[in-house]
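Residue numbers (mature numbering (1 follows the signal peptide of the UniProt record, and there is no 0)): -22 to -1, 1 to 726.
Below you can see the structure in the form of structure tokens.
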């Protein structure tokens, strides 16, 4: 809109600056939105929020979003290699490492994005801003916002006019090229951007390619409205994640060259498509209406179940197709004493999967592979999900320096699943199979809320506090897997309750003029998570009859501090620190499985506390353990990130980044502790204008001192099947070490 941005800035101007007095705060506005993050006020916000600007994203020249998010307190990322990763907040859902949802709502241009793996792929060259909202955020975003939301707005507007071309290269055969063209006029603006990235990779068979095409067209409709159409197409191919089994393999074969380390899933071919249309209109009384329709699709093909000791050979091919469609509407109205917003969120999602046999060598003894034949169908599934939600926000100012905020949302989630697969018939060998299909459905009604306040202690200091909730509904797999997959030893549980999280938070947000330009935000938080869903015998346990249950509770406590300062024109620094204590408060039944190496000796496998179990032709020894009081895996107590930037000339910026993480446990049993690590990164940017042409050159070195550590470490059972659970059972991705990149761009 020609006037929307200006009108919004004028209306919110008093809330954008810490220099504004409380008496001049003026009209109250509701800035929360699930559609278009064009409202930037933070002064009256009752929750802890961090924002990364598009300028910071561009100047970082990061290879992946993990390099950006590590500068935000409270964030941990599950990253192996490449550009995709799973985002976690405040340690919630860090224990999961397969395809589970991350416990964080990820929203791009109003589109709730969830891919098959639970990870997200984001084009870093198309980011206008990244906003991180912490604490339970289901009061705005609904399902899976247990610990917060990451809201990404892509580039748009008149500043995209002109032409830009860039090229860069780096270690391990990384090459990237980008071209963008845009226009702007009285009627609107638009741009189109194309990019290609290819990487040979540090790890064996870890090459990847990514092609992006994205753009926006924004048309001004009258003086106070606009219509924006945006799209993003991604075509990605990726092989190995670089995992190895055990610390010995990590030391001797960090590049995962041994074929026995084949990832369970490999040879990914991912095609993503995102389309959205947003209408926004301001009215003379400063109220605002926004409407949004969208579609996000994920078509992923990959191989799974590697054949032992055979390079590049797998048992199954998988074809997964997901389509998310939705409509959102929000109306907000300001006022001197109160402001409010109401909204609706309607979704129609579908998730389809087809699994075919590729090789019977390892899977034929307990499947119908021999009869169905190579290329035959192993199983099919399709799930439909309908979401019908209404939400709102009310802000009131009972006193000049005090603003109270109340949020509420009601979700109706309608699930329906259809599955079919070969079921093994009971009886002696030879095995026979029957094609079995099932249909199941379930509904959940869930309410979410936030109650918070912001008190302007002084013109430059705010005290804020809030309580908020988050939830995650059970999936069709968790509810009905025993029905839909009778050959799997997991019973159905249609009585599962949604997982719940209660976030309590208090913080200080302010500015110190005596130290130059220094802004800080200090928050103390506690998240009580209840009824989290796990398999009754442990998340990835083999052998015993299992069932997904609301098995227990967890508590996450911590402190988050962020400081941004520029004491002089030639220097600035940013600090992010997190202290986190995340532990299970109730998790009594976890089953540890190790391979039986004694042939079921009388008296038990190892001693009398173990149980003998036979499954899929293998003999196991299992022991029930109590994880109550244990730390949640992969949640270090301390994380510090410090960035120091120097500006020796108006054209040159040199910055160094120090990132340090304390030790953590790789497993829920807390038997396998991993050392912490510290790394140093170096970045240089040179920008210069020649008339209307801008030249930008950069150079970046990550892990400058070649620190040895693991990108990921996870364990749950006797992975190497030697009868002992120890450090040789950890799945590890070794960091690739020192990494160099450089490039240049021209903007006309």
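For glycine and all other residues, C-beta sits at the position ideal for the given N, C-alpha and C.
Quantities reported herein were computed from a predicted structural model and do not represent experimental measurements.
{"Check": "Continuous alpha helix (DSSP H) assignments of at least 4 residues falling wholly in the region 434 to 465", "Outcome": "454 to 462"}
{"Check": "Residue range of the unbroken alpha helix (DSSP H) whose run includes residue 226", "Outcome": "225 to 230"}
{"Check": "Beta-ladder partner(s) of residue 652, from DSSP", "Outcome": "642"}
{"Check": "Beta carbon of residue 21 nearer than 9 Å to that of residue 99", "Outcome": "no"}
{"Check": "Boundaries (first-last residue) of the alpha helix (DSSP H) holding residue 36", "Outcome": "32 to 38"}
{"Check": "Straight-line Cα distance separating residue 548 from residue 695", "Outcome": "53 Å"}
{"Check": "Three-way DSSP call (helix, strand, coil) for residue 497 in this model", "Outcome": "strand"}
{"Check": "Residue burial classification, residue 413 (beta-carbon count within 10 angstroms, cutoff 16)", "Outcome": "exposed"}
{"Check": "Nearest-angstrom Cα separation, counted from residue 381 out to residue 316", "Outcome": "9 Å"}
{"Check": "According to DSSP, residues forming a beta bridge with residue 117", "Outcome": "Its beta-bridge partners do not exist; DSSP assigns none."}
{"Check": "Contact with chain B by residue 169, beta-carbon distance below 9 Å", "Outcome": "In summary, chain B is missing from the structure at hand, where a single protein chain is found."}
{"Check": "Beta-carbon proximity list for residue 331, same chain, < 6 Å, skipping 5 on both sides", "Outcome": "298 and 359"}
{"Check": "Three-pair Cβ contact test at 8 Å for the region 562 to 573 versus the region 522 to 534", "Outcome": "yes"}
{"Check": "Three-pair Cβ contact test at 8 Å for the region 190 to 210 versus the region 129 to 139", "Outcome": "yes"}
{"Check": "DSSP three-state assignment for residue 710, whether helix, strand or coil", "Outcome": "strand"}
{"Check": "Sub-9 Å separation of residue 457 and residue 474 beta-carbons", "Outcome": "yes"}
{"Check": "Inter-residue Cα distance where the pair is residue 237 and residue 399", "Outcome": "30 Å"}
{"Check": "6 Å Cβ shell around residue 713 - same chain, five flanking residues per side excluded", "Outcome": "687 and 689"}
{"Check": "Expected contact under 8 Å - CB spacing of residue 665 and residue 656 to nearest Å", "Outcome": "Going by Cβ atoms, the distance from residue 665 to residue 656 rounds to 30 Å, so no, they are not a contact pair."}
{"Check": "Beta carbon of residue 89 nearer than 9 Å to that of residue 108", "Outcome": "no"}
{"Check": "Rounded separation between residue 680 and residue 653 - CA only", "Outcome": "20 Å"}
{"Check": "Cutoff 6 Å; reference residue 556; Cβ partners in own chain excluding five residues on either side", "Outcome": "51, 52, 538 and 617"}
{"Check": "Alpha-carbon spacing of residue 151 relative to residue 378, whole angstroms", "Outcome": "59 Å"}
{"Check": "Contact under 9 Å by Cβ, residue 252 with residue 275", "Outcome": "yes"}
{"Check": "Cβ neighbour criterion (16 or more within 10 Å) applied to residue 137", "Outcome": "exposed"}
{"Check": "Start-to-end residues for the beta strand (DSSP E) that takes in residue 46", "Outcome": "Counting along the chain, residue 46 falls outside any beta strand (DSSP E), though it belongs to the alpha helix (DSSP H) covering 44 to 47."}
{"Check": "Residue 464 versus residue 361 - alpha carbon distance", "Outcome": "In this prediction, residue 464 scores a pLDDT of 42, lower than 50, which makes its location untrustworthy; no coordinate-derived value is stated."}
{"Check": "The region 478 to 490 touching the region 500 to 510, judged by at least three CB pairs closer than 8 Å", "Outcome": "yes"}
{"Check": "Limits of the alpha helix (DSSP H) - the one that residue 492 falls within", "Outcome": "Note, residue 492: premise wrong, no alpha helix (DSSP H); not H, not E."}
{"Check": "Length of the line joining the Cα atoms of residue 685 and residue 391", "Outcome": "47 Å"}
{"Check": "Straight-line gap, residue 439 to residue 67 (C-alpha atoms, nearest Å)", "Outcome": "26 Å"}
{"Check": "Proximity to residue 200 [Cα-Cα], best of 260, 225 and 219", "Outcome": "260"}
{"Check": "DSSP three-state assignment for residue 4, whether helix, strand or coil", "Outcome": "coil"}
{"Check": "Which listed residue (550, 480 and 266) has its alpha carbon closest to that of residue 494", "Outcome": "550"}
{"Check": "Of the residues 637, 449 and 512, the one placed nearest residue 121, counting alpha carbons only", "Outcome": "449"}
{"Check": "Candidates 154, 140 and 144: closest to residue 161 by CA position", "Outcome": "140"}
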